[in-house]
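Enquirer: Residue numbers (my numbering): 1 to 267. Here it is, the structure in full.
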Ligand code: KIV
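What follows is the structure, given as structure tokens:
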């Protein structure tokens, strides 16, 4: 448990490499950000919110304005953690639009932006970092490429893929990224990526031999229980706890046992 009032800075994150694992979790609102804030290093306002919060089938339709709304909400609850926000699909295709949109998140109070992409993303990273914007890269399985790739495909299965991932991580680091997420990648390959760079590599579905872990909150707390990816560990049976509680509430209202006297105002 961190229980530390000091705000986490980019240097706290960078300096954890080789010292202690970085803990990152997603949040999309103030309520949950406040609950997570004492225990994690980084809160990610992930574009996964389009699926787990908005109920869409992938992340692609998330709009800038909606992402901004959620960042502002998270910042109300996160007083300690370093707050990173995902740039929505289509908001960073070129340096100009990336700079314009990333600036909106930083002005709202986010500590860094994250976006997906390998070698092609490096010049965009360089431009943003040059303008004073902290950038976390995202390589390996990139959910914003789901339609192009015809599904979510695990990476690092060939030697060429392994070499490409290492090359991408190095290029993104040279461009100025302070950290990178590596998603959905064979553990042994993710470990080699982490060893090949100085910046911390935060894994999701990428095994233990990286510099930190990230999970989507609604997956790891069991609120999204329609499907469980192999890499998700459920730390709570959230959906069933909610169903049981709401079922009890509905029953008591119908039976007129709620509200009982203790919940009434009396003279
Ligand atoms: O959007 C998200 O939640 C993410 C994580 C899966 C890393 O990018």
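Where a beta carbon is used, it is the ideal one built from N, C-alpha and C, also for glycine.
Just to confirm the assignment, what range does the beta strand (DSSP E) spanning residue 99 have?
Expert: It is not in any beta strand (DSSP E) - residue 99 instead sits in the alpha helix (DSSP H) that spans 95-108.
Enquirer: Exposed or buried, what is residue 101 when buried is set at 16 or more other beta-carbons lying within 10 Å of its beta-carbon?
Expert: Buried, by the Cβ-count rule.
Enquirer: Identify the continuous beta strand (DSSP E) that holds residue 36 and give its terminal residues.
Expert: Segment 30-36 is the alpha helix (DSSP H) holding residue 36; no beta strand (DSSP E) there.
Enquirer: Over what stretch of residues does the alpha helix (DSSP H) that includes residue 171 continue unbroken?
Expert: Segment 159-175, the alpha helix (DSSP H) holding residue 171.
Enquirer: For ligand 1, any of its heavy atoms closer than 7 angstroms to the Cβ of residue 70?
Expert: No, ligand 1 has no heavy atom inside 7 angstroms of this Cβ.
Enquirer: Since residue 80 is in the beta strand (DSSP E), which residue starts that stretch and which ends it?
Expert: It is not in any beta strand (DSSP E) - residue 80 carries neither H nor E in the DSSP assignment.
Enquirer: With DSSP as the reference, label residue 130 as helix, strand or coil.
Expert: Helix at residue 130.
Enquirer: Ligand 1 and residue 47: does the residue's C-beta get closer than 7 angstroms to at least one heavy atom of that ligand?
Expert: Yes, the Cβ of residue 47 comes within 7 angstroms of a heavy atom of ligand 1.
Enquirer: Please report the residue range of the alpha helix (DSSP H) in which residue 49 lies.
Expert: Its alpha helix (DSSP H) spans residues 49-52.
Enquirer: Using the rule of at least 16 other Cβ atoms within 10 Å of the residue's Cβ for burial, across every protein chain shown, is residue 246 buried or exposed?
Expert: With fewer than 16 other Cβ atoms within 10 Å, it is exposed.
Enquirer: Starting from residue 114, follow the alpha helix (DSSP H) in both directions and report where the run begins and ends.
Expert: Residue 114 -> not in any alpha helix (DSSP H); beta strand (DSSP E) instead, spanning 112-116.
Enquirer: If you drop the 5 nearest sequence neighbours on each side, which residues of the same chain put their C-beta closer than 6 angstroms to that of residue 85?
Expert: Within the same chain, residue 85 has close Cβ partners 45, 71, 105, 110, 113.
Enquirer: Which residues share a DSSP beta bridge with residue 137?
Expert: According to DSSP, residue 137 bridges with 115, 180.
Enquirer: Where does residue 50 land, buried or exposed, given buried means 16+ other C-beta within 10 angstroms?
Expert: Classification of residue 50: buried, given that the 10 Å Cβ count is 16 or more.
Enquirer: Name the residue from 262, 127, 217 whose alpha carbon lies nearest to the alpha carbon of residue 36.
Expert: Selected option, being the one with the closest Cα: 217.
Enquirer: Any heavy atom of ligand 1 within a distance shorter than 7 angstroms of the CB on residue 185?
Expert: No, Cβ of residue 185 sits at least 7 angstroms from all heavy atoms of ligand 1.
Enquirer: Is there at least one non-hydrogen atom of ligand 1 closer than 7 angstroms to the beta-carbon of residue 311?
Expert: A question about residue 311 goes unanswered here, because the residues of the chain that appear run from 1 up to 267.
Enquirer: By DSSP, does residue 26 sit in helix, in strand, or in coil?
Expert: Three-state DSSP puts residue 26 in a strand.
Enquirer: Measure the C-alpha to C-alpha separation of residue 81 and residue 148 and round it to an integer number of angstroms.
Expert: If you take the alpha carbons of residue 81 and residue 148, they lie about 34 angstroms apart.
Enquirer: Give the secondary structure of residue 155 by DSSP, where H, G and I count as helix, E and B as strand, and everything else as coil.
Expert: In the structure shown, residue 155 sits in a strand (DSSP, three-state: E or B).
Enquirer: Helix, strand or coil: how does DSSP classify residue 144 here?
Expert: Of the three classes helix, strand and coil, the one that applies to residue 144 here is helix, per DSSP.
Enquirer: Quick check on the burial criterion: 16 or more other C-beta atoms within 10 angstroms. Buried or exposed for residue 219?
Expert: So residue 219 counts as buried.
Enquirer: Which residue comes first and which comes last in the beta strand (DSSP E) that contains residue 203?
Expert: Run containing residue 203: 201-204, per the beta strand (DSSP E) assignment.
Enquirer: Which two residues bound the contiguous alpha helix (DSSP H) that contains residue 214?
Expert: Looking at the DSSP string, residue 214 is not in any alpha helix (DSSP H); the run it does join, the beta strand (DSSP E), is 212-215.
Enquirer: Would you give the residue range spanned by the alpha helix (DSSP H) that residue 14 belongs to?
Expert: Looking at the DSSP string, the run of the alpha helix (DSSP H) that includes residue 14 is 10-14.
Enquirer: Do the stretch 224-241 and the stretch 160-170 make contact, defined as three or more Cβ pairs closer than 8 angstroms?
Expert: As far as the Cβ criterion goes, the stretch 224-241 does not touch the stretch 160-170, which means the pair count is below three.
Enquirer: Taking the alpha-carbon positions, what's the residue 77 to residue 83 distance?
Expert: The alpha-carbon atoms of residue 77 and residue 83 are separated by roughly 11 angstroms.
Enquirer: Please work out which residues of its chain come closer than 8 angstroms, Cβ to Cβ, to residue 119, disregarding the five sequence neighbours upstream and downstream, and give them in chain order.
Expert: For residue 119, where only same-chain residues beyond five positions count, the Cβ hits under 8 angstroms are 167, 168, 171.
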